[in-house]
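J.: Counting from 1, one number per residue, gives the positions in the sequence shown under UniProt numbering.
Note that the Cβ used here is the ideal one computed from N, Cα and C, for glycine as well.
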Amino acid sequence: MNLEEMQQRAIEIHGLYDKLNRRDRRVWRPDEFMLGFVGDVGDLAKLVMAEEGARENPGGRPALEHELADCLWSVLILAHLYRVDLAEAFDRTMNELETSISAQLAASDEPT
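(1) CA-CA distance, Arg-61 and Glu-51?
(2) With a threshold of 16 other CB atoms inside 10 Å of the CB of Ile-77, please say whether the residue is buried or exposed.
(3) What do you reckon, are the CB atoms on Asp-70 and Asp-24 nearer than 7 Å?
(4) In terms of residues, what are the limits of the alpha helix (DSSP H) holding Arg-9?
(5) Assess contact between the segment 26-37 and the segment 88-107, defined as three or more Cβ pairs (one per stretch) separated by less than 8 Å. Is contact present?
(6) If we ignore side chains and look at the alpha-carbon of each, how far apart do Leu-105 and Leu-97 end up?
(7) I'd like the span of the alpha helix (DSSP H) that includes Glu-32, first residue to last.
(8) Under 7 Å, do Glu-67 and Asp-85 count as touching if we go by C-beta distance?
(9) Whose C-beta lies closer than 6 Å to the C-beta of Ala-10 among residues of the same chain, with five residues either side of it excluded?
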């Protein structure tokens, strides 16, 4: 599944959540999706600690996979809500990082 397919699938699930929330007379605002993402990142942090042996993880590897997917879903939905072309933004950011890191490495290779 490529990024575009993942984003489309995430939007479909977002639509289902919207229907469920409207039924319950509750609509999530973008800032609430962000807060949900922060909660998911906290859960992910605990699972990574468990994966590294620092705490117990009764859910095992499937719990880590689930939480990573939840976090990705949140990023995809936030990008959709804020009309961010994630593929373009990712490519641009990676190019900027590559340039910056390469410059730092080149500077450290220069004689002092």
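T.: In short, the structure shows the following:
(1) By one-based count along the sequence shown, residue 61 stands at place 61. By one-based count along the sequence shown, residue 51 stands at place 51. About 8 Å.
(2) As a working mapping, residue 77 is identified with position 77 in the sequence shown. Buried is the call here.
(3) Position 70 of the sequence shown, counted from the start, is the residue given in the question as residue 70. Position 24 of the sequence shown, counted from the start, is the residue given in the question as residue 24. Not closer than 7 Å, so no.
(4) For the purposes of this step, residue 9 is taken as the residue at position 9 of the sequence shown. Run containing Arg-9: 3-23, per the alpha helix (DSSP H) assignment.
(5) no
(6) Position 105 of the sequence shown holds residue 105. Position 97 of the sequence shown holds residue 97. The straight-line gap from Cα to Cα measures roughly 12 Å.
(7) Here residue 32 refers to the residue found at position 32 of the sequence shown. Here the alpha helix (DSSP H) through Glu-32 covers 30-51.
(8) In the sequence shown, the residue the question calls residue 67 occupies position 67. In the sequence shown, the residue the question calls residue 85 occupies position 85. Not in contact: Glu-67 and Asp-85 (Cβ atoms no closer than 7 Å).
(9) Within the sequence shown, numbered from 1, the residue matching residue 10 stands at position 10. Within the same chain, Ala-10 has close Cβ partners Trp-73, Leu-76, Ile-77.
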